[in-house]
Amino acid sequence: MRRFLALARTAAVESLAEPLTAVLFLSGLATVHLAPVFHYHQFGEAGRLARECGFSALLVFGLIFATAAALHTIGRELESGTAAATLALAVPRSLFFVAKVTGVLAALSLFAAAVACATALSQGNSAIASLLQSEHGEGTQSWGPGLACGVGFTLVAFALAAAANRFWRMRFCLSACLLLALGQPFALLLAWVTGIGLPASFVGFGPLFARLLPPFVVLLVGCSVFVALAGALATRLKGAPATAIVALAIVASFVRPIRFLLPDINHFWLVDRLAGGAVLPWSEACPAFGAGLLLIILWLLTGALLLSRREIS
51 MRRFLALART AAVESLAEPL TAVLFLSGLA TVHLAPVFHY HQFGEAGRLA
101 RECGFSALLV FGLIFATAAA LHTIGRELES GTAAATLALA VPRSLFFVAK
151 VTGVLAALSL FAAAVACATA LSQGNSAIAS LLQSEHGEGT QSWGPGLACG
201 VGFTLVAFAL AAAANRFWRM RFCLSACLLL ALGQPFALLL AWVTGIGLPA
251 SFVGFGPLFA RLLPPFVVLL VGCSVFVALA GALATRLKGA PATAIVALAI
301 VASFVRPIRF LLPDINHFWL VDRLAGGAVL PWSEACPAFG AGLLLIILWL
351 LTGALLLSRR EIS
């Protein structure tokens, strides 16, 4: 177990230390916070754009960095000979592969948790602004204090990462990703404290976050299937062909998925079930969650088998 955790931790750190990861972390969180500000035509309930933008950030930004991280982490170690040195220390190949993919999935889960907090905050800001507009005639797209918390903690995280790199020689991208992820729950908490005394009709940031969790977890599991697929392909293919196949698999999951191999994203995109303040019970999320988990196990087993039959020198 110690070897497994050490390999998974190394893979997670390597994934978060990539420059692409830091850029996508910042882009995803900034998009979630700022998109409602430029929303001048409301279709449906207030906060719908913020909610769907958060799910889209996980699906787009999360998939890009996590699949790229899986391809680089496993493929780079196999090509550089680092994997051979690790496997020479009596580390089973199956354990090596599963631990590496688990580390990348941990980095993706960290990103998903940050985006979930940012989505709850952004959706709450839009709902508060709509209530204030209807009750007091204040014409804003997003509640100012909450928006300041979300954007402020996002920008401060990057500034602190730059300071840590300058004065303590800490890796900038790794520090930036960790601080961005840790800053979002604090932004949500500060907005909740600042929001005491808001209109009684506002449901609160806590209930909003709780409503987001079931469909968010389901979408995270669906995205994780492609990470396991990327890891399996990286055991035999070089970067460009593996990236092309993963991209085709993602497109196929939207158009015509092979359901015993790939997830049907339409069944994992459950954000529409939250329209009108509805709640998605965990029991209704379980079928998609279970299907995604089985597909993850399938590709983990496939990757472990492919690696076990590869000649490594």
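For the record, in the sequence shown the residue sitting at position 77 is 127 according to the numbering used here, with numbers rising by one throughout. The beta-carbon is built from N, C-alpha and C at its ideal position, and this holds for glycine as well. The structure displayed is predicted, hence computed values, not measured ones.
Quiz prompt | Nearest-angstrom Cα separation, counted from residue 268 out to residue 285 | solution = 27 Å
Practice problem: Tell me whether residue 371 sits in a helix, a strand or coil according to DSSP, three-state version. | Solution: Coverage of the chain is limited to positions 51 through 363, which leaves residue 371 absent and any answer about it impossible.
Quiz prompt | Residue from 149, 348, 198 whose Cα sits closest to the Cα of residue 238 | solution = The residue with the shortest Cα to Cα distance from residue 238 is 198.
Quiz item: Among 87, 232, 151, 208, which residue has its Cα nearest to the Cα of residue 55?
Solution: 151
Quiz prompt | Where residue 184 falls: helix, strand or coil (DSSP) | solution = helix
Quiz item: Comparing alpha-carbon positions, which option in 307, 59, 107, 271 lies nearest residue 77?
Solution: 107
Quiz item: Leaving out five residues before and five after residue 321 in sequence, what residues of the same chain have Cβ atoms less than 7 Å from its Cβ?
Solution: Excluding residues within five positions, the ones whose Cβ falls inside 7 Å are 101, 102, 105, 265.
Quiz prompt | Reference residue 163; option with closest CA among 271, 142, 98, 248 | solution = 271
Quiz item: Between residue 274 and residue 346, is the Cβ-Cβ spacing less than 8 Å?
Solution: yes
Quiz item: How would you label residue 298, buried or exposed, when you count the other beta carbons within 10 angstroms and need 16 or more for buried?
Solution: exposed
Self-check item: Helix, strand or coil at residue 48 according to DSSP, with G and I counted as helix
Solution: The chain is shown only over 51 to 363; residue 48 falls outside these bounds and no answer can be derived.
Quiz item: Between residue 170 and residue 255, is the Cβ-Cβ spacing less than 8 Å?
Solution: yes
Quiz prompt | Coarse secondary structure for residue 329, derived from DSSP in three states | solution = coil
Quiz item: CA-CA distance, residue 114 and residue 143?
Solution: 26 Å
Quiz prompt | Check whether residue 225 and residue 153 have beta carbons under 8 Å apart | solution = No, the pair does not count as a contact, with Cβ atoms beyond the cut-off.
Practice problem: Please determine if the stretch 277 to 292 and the stretch 351 to 360 are in contact, where contact requires at least 3 C-beta pairs separated by less than 8 Å. | Solution: yes
Quiz item: For residue 111 versus residue 178, is the C-beta spacing smaller than 8 Å?
Solution: no
Quiz item: Rounded to a whole number of angstroms, what is the C-alpha to C-alpha distance between residue 133 and residue 211?
Solution: Taking the Cα positions, residue 133 is about 30 Å away from residue 211.
Self-check item: Selected residue, minimal CA-CA separation from residue 71, among 148, 229, 344
Solution: 229
Quiz prompt | Residue closest to residue 330, alpha-carbon to alpha-carbon, out of 259, 79, 360, 294 | solution = 259
Quiz item: Between the C-alpha atoms of residue 136 and residue 145, what's the straight-line distance to the nearest angstrom?
Solution: Using only the alpha carbons, I get a separation of about 11 Å.
Self-check item: Residue nearest to residue 301 in terms of C-alpha spacing, selected from 262, 314, 291
Solution: 314
Exercise. May I have the straight-line CA-CA distance separating residue 57 from residue 123, to the nearest angstrom?
Key: Rounded to whole angstroms, residue 57 to residue 123 spans 11 Å at the Cα level.
Quiz item: Start and end of the alpha helix (DSSP H) containing residue 218?
Solution: 194 to 218
Practice problem: Taking residue 356 as the reference, give the member of 291, 282, 213, 99 with the closest Cα. | Solution: 282
Quiz prompt | Close-in-space but distant-in-sequence residues of the same chain around residue 61 (CB under 6 Å, 5 per side omitted) | solution = 123, 150, 153, 154
Practice problem: Would you give the residue range spanned by the alpha helix (DSSP H) that residue 102 belongs to? | Solution: 98 to 107
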